[in-house]
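Just so you know, our numbering puts 125 at position 107 of the sequence shown, and the rest follows in order with no gaps. Every residue, glycine too, gets a C-beta built ideally from N, C-alpha and C. Some notes on the structure that comes next.
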Amino acid sequence: MNSSNPRITQQDVADKAGVSRGIVSYVINNGPRQVAPETRERVLQAIAELGYRPNVHAQQLLRKQWGTVAGKDLGLILPNVALLRRPYYGSVLSGIHQAAHDNHHRIRFMHFFAELHDPVRFNALIHREEISGLILMSLDQCIHTAADKKLIEQIRERIDNIVCLEWYAEGLPSVSFDRAGAAYLAAQHLIQLGYRSIIYLGIEDERVNGYLRACMENQLPVNPTSVFFARNSETGYQEVERLISAGIIPRAIVAGSDEVAFGILRCLRQHQITVPHEIAIASIDNIPLAAYAAPPLTTVDVPKIDMGRVAVKVVIKNGKDKDSTTVANLLPTKLIVRESSGA
């Protein structure tokens, strides 16, 4: 996908695709008339190859009227709409918007990664005339195919000021929390309370390493029946149901997130297994609902709002300092002790 040229017009796209200018307009605006799928694909291919951006001059005029320039505008790309329904990410997003406001910037747009596979939208948004920096949030959740990886490369070709938030990409600055350290804190807390049969149930990432390190430092047995994976309440519930059916009943559980812990609690309650008297739980995240679980969750507090703030500060700083180096910003965590661990 070539860098866009403001001189490229709808007529140029029409000529390359072998269609009328009206057909190009219908494709760009999704109507009012329908366009045959093969024709639409031909037009989109022409748009991608030419780097056509709709209404460039009109957009520039609007920015002048609003008193804004790309130097104060930031873009935000999210993995999917499901993220917006999760309290954890709501806190991160609030930090992003607050920091942008405090630093006299604005979030120019917030879109989902899959939308950028549309060349019209890609060319309209991913451009230096639109934004001075881009925050890519948790995209490890949605980059699965060769096309997804190619899209990331195309974004990096277009925008040279990018920050990864809650994930890592080689050669790019990042902001996240110490995931291994968080799981280590949770596991170490349970070990210090005297529990010896402890499993990990949660997300498959650095958290596993933190759990394993705590176990090995304290000479606890670690085997294939010690680590299990779940990403949310539903899968946490399902995995505990499976473990109980298999006769695997630990004395304590390190839950990879509060959401996973909620699923664990529900399943244990349905099986009349009491927490913490029969199974203790320590979790990670400290979302607001954790304090209102039954029993309230012992959990490792993740600096969610601060991560959003730091991501904005990094992208603003790097936009001003073109010689800045790639840095992984790893924010610390702290243990919040409540009833679920039996402390």
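Let me know if residue 207 comes out buried or exposed under the rule of 16 or more other beta-carbons within 10 Å of its beta-carbon.
Taking the first residue of the sequence shown as 1, we reach residue 207 at position 189. So residue 207 counts as buried.
Could you pull out every unbroken beta strand (DSSP E) segment of at least 3 residues lying fully inside the segment 163-237, listed in chain order?
Counting only runs of 3 or more, we get 180-183, 192-195 and 216-220.
Measuring straight from C-alpha to C-alpha, what distance separates residue 357 and residue 315?
Start at 1 with the first residue of the sequence shown, and residue 357 comes out as number 339. Start at 1 with the first residue of the sequence shown, and residue 315 comes out as number 297. Spanning the two alpha carbons is a distance of roughly 6 Å.
Taking residue 364 as the reference, give the member of 133, 333, 70 and 67 with the closest Cα.
The first residue shown for the chain is 19 and the last is 361, placing residue 364 beyond what the model contains.
For residue 348, which three-state DSSP category applies?
Start at 1 with the first residue of the sequence shown, and residue 348 comes out as number 330. For residue 348, the secondary structure class from DSSP, reduced to helix, strand or coil, is strand.
Out of 121, 150, 242 and 97, point me to the one whose CA is closest to residue 331's CA.
The count along the sequence shown starts at 1 and reaches residue 331 at position 313. Among 121, 150, 242 and 97, the Cα nearest to that of residue 331 is on 121.
Simplified DSSP assignment, three categories, for residue 94:
Reading the sequence shown from its first residue, position 76 is the one you call residue 94. Residue 94: strand per DSSP, three-state reduction.
Compute the Euclidean distance between the alpha carbons of residue 205 and residue 276, then round it to the nearest angstrom.
Translated into positions along the sequence shown, residue 205 becomes position 187. Translated into positions along the sequence shown, residue 276 becomes position 258. Roughly 15 Å separates the two Cα atoms.
CA-CA distance, residue 334 and residue 321?
Taking the sequence shown and counting its residues from 1, the one referred to as residue 334 is at position 316. Taking the sequence shown and counting its residues from 1, the one referred to as residue 321 is at position 303. Going from the Cα of residue 334 to the Cα of residue 321 covers about 20 Å.
Using DSSP's beta-bridge definition, name the partner residues of residue 303.
Position 285 of the sequence shown, counted from the start, is the residue given in the question as residue 303. According to DSSP, residue 303 bridges with 319.
Apply the 10 Å Cβ neighbour rule to residue 94 and answer buried if 16 or more other Cβ atoms are within range, or exposed otherwise.
As a first step, residue 94 is located in the sequence shown; it is residue number 76 there, counting from the start. By the 10 Å Cβ count, residue 94 comes out buried.
With a floor of 3 residues, list each beta strand (DSSP E) that falls wholly inside the segment 107-158, ordered by position along the chain.
124-130 and 151-155
Using only the alpha-carbon positions, how far apart do residue 286 and residue 181 sit?
Translated into the one-based positions of the sequence shown, residue 286 becomes position 268. Translated into the one-based positions of the sequence shown, residue 181 becomes position 163. Each residue's alpha carbon lies about 40 Å from the other.
Closer than 9 Å, CB to CB, is residue 173 near chain C or not?
This model lacks chain C altogether; it includes just one protein chain.
Rounded to the nearest angstrom, what separates residue 348 and residue 313 at their Cα positions?
Counting from one through the sequence shown, the residue named residue 348 turns up at place 330. Counting from one through the sequence shown, the residue named residue 313 turns up at place 295. One C-alpha to the other measures close to 30 Å.
Tell me the rounded alpha-carbon separation between residue 179 and residue 339.
Taking the sequence shown and counting its residues from 1, the one referred to as residue 179 is at position 161. Taking the sequence shown and counting its residues from 1, the one referred to as residue 339 is at position 321. Taking the straight line joining both Cα atoms gives about 10 Å.
Quick check: does the Cβ of residue 304 come within less than 8 Å of any heavy atom belonging to the ligand ZN?
By its list of ligands, the structure shown contains no ligand whatsoever, and the ligand ZN lies outside what it can speak to.
Output the boundary residues of the alpha helix (DSSP H) element that contains residue 279.
The count along the sequence shown starts at 1 and reaches residue 279 at position 261. First-last of the alpha helix (DSSP H) with residue 279: 276-288.
I'd like the span of the alpha helix (DSSP H) that includes residue 65, first residue to last.
Locating residue 65 in the sequence shown gives position 47, counting from the first residue. First-last of the alpha helix (DSSP H) with residue 65: 55-68.
Straight-line CA distance for residue 116 to residue 91?
The residue labelled residue 116 in the question sits at position 98 within the sequence shown. The residue labelled residue 91 in the question sits at position 73 within the sequence shown. About 14 Å.
Enumerate in chain order the residues of its own chain whose CB-to-CB distance from residue 301 is below 6 Å, with the five nearest sequence positions on each side excluded.
Position 283 of the sequence shown, counted from the first residue, corresponds to residue 301. Counting only Cβ-Cβ distances below 6 Å, and skipping sequence neighbours, we find 273, 276, 279, 315 and 317.
Can you tell me the Cα-Cα spacing of residue 102 and residue 217, whole angstroms?
To locate residue 102, count along the sequence shown from 1; it is residue 84. To locate residue 217, count along the sequence shown from 1; it is residue 199. Each residue's Cα considered, the two are about 30 Å apart.
Taking C-alpha atoms, which residue in 198, 261, 48 and 247 lies nearest to residue 222?
In the sequence shown, residue 222 corresponds to position 204, counting from 1. The shortest Cα separation from residue 222 among 198, 261, 48 and 247 belongs to 247.
Do residue 149 and residue 157 have their C-beta atoms closer together than 9 Å?
Counting from 1 along the sequence shown, the entry for residue 149 is found at position 131. Counting from 1 along the sequence shown, the entry for residue 157 is found at position 139. No; because the gap between Cβ atoms is not below 9 Å, this pair is not in contact.
Inspect the beta-carbon positions of residue 35 and residue 41 and report whether they are closer than 9 Å.
As a working note, residue 35 is residue 17 in the sequence shown. As a working note, residue 41 is residue 23 in the sequence shown. Closer than 9 Å, so yes.
Does DSSP put residue 354 in a helix, a strand or coil?
For the purposes of this step, residue 354 is taken as the residue at position 336 of the sequence shown. Of the three classes helix, strand and coil, the one that applies to residue 354 here is strand, per DSSP.
Let me confirm a value: residue 192 is counted as buried when at least 16 other C-beta atoms fall within 10 Å, else exposed. Which label applies?
For the purposes of this step, residue 192 is taken as the residue at position 174 of the sequence shown. Around the CB of residue 192, 16 or more other CB atoms lie within 10 Å, so the residue is classed as buried.
Are residue 110 and residue 190 closer than 9 Å when you measure CB to CB?
Within the sequence shown, numbered from 1, the residue matching residue 110 stands at position 92. Within the sequence shown, numbered from 1, the residue matching residue 190 stands at position 172. No, these two residues do not count as a Cβ contact at 9 Å.
CA-to-CA distance, residue 298 to residue 229, given in whole angstroms
Here residue 229 is taken as the residue at index 211 of the sequence shown, counted from 1. Here residue 298 is taken as the residue at index 280 of the sequence shown, counted from 1. Rounded to whole angstroms, residue 229 to residue 298 spans 15 Å at the Cα level.
Does the beta-carbon of residue 325 have 16 or more other beta-carbons within 10 angstroms, so that it is buried, or is it exposed?
Numbered from 1 along the sequence shown, position 307 holds the residue referred to as residue 325. Classification for residue 325: buried.
Could you check how far apart the C-beta atoms of residue 209 and residue 232 are, in whole angstroms? I think they sit under 8 Å.
In the sequence shown, the residue the question calls residue 209 occupies position 191. In the sequence shown, the residue the question calls residue 232 occupies position 214. Contact annotation, residue 209 with residue 232: C-beta distance approximately 6 Å; criterion of less than 8 Å satisfied.
For residue 107, which residues in the same chain have their Cβ closer than 7 Å to its Cβ, ignoring the five residues on either side in sequence?
In the sequence shown, residue 107 corresponds to position 89, counting from 1. Once the five neighbours on either side are set aside, the close Cβ partners of residue 107 are 101.
Report the partner residues of residue 245 according to the DSSP bridge assignment.
Your numbering for residue 245 matches position 227 in the sequence shown. Its beta-bridge partners are 218.
According to DSSP, what are the bridge partners of residue 272?
In the sequence shown, residue 272 corresponds to position 254, counting from 1. Note: residue 272 sits in a beta bridge opposite 218 and 300.
What does the alpha-carbon distance come out to for the pair residue 284 and residue 226?
Here residue 284 is taken as the residue at index 266 of the sequence shown, counted from 1. Here residue 226 is taken as the residue at index 208 of the sequence shown, counted from 1. Taking the straight line joining both Cα atoms gives about 23 Å.
Going by C-alpha distance, which of 252, 212 and 243 is nearest residue 264?
Counting from one through the sequence shown, the residue named residue 264 turns up at place 246. Measuring from the Cα of residue 264, the nearest candidate turns out to be 243.
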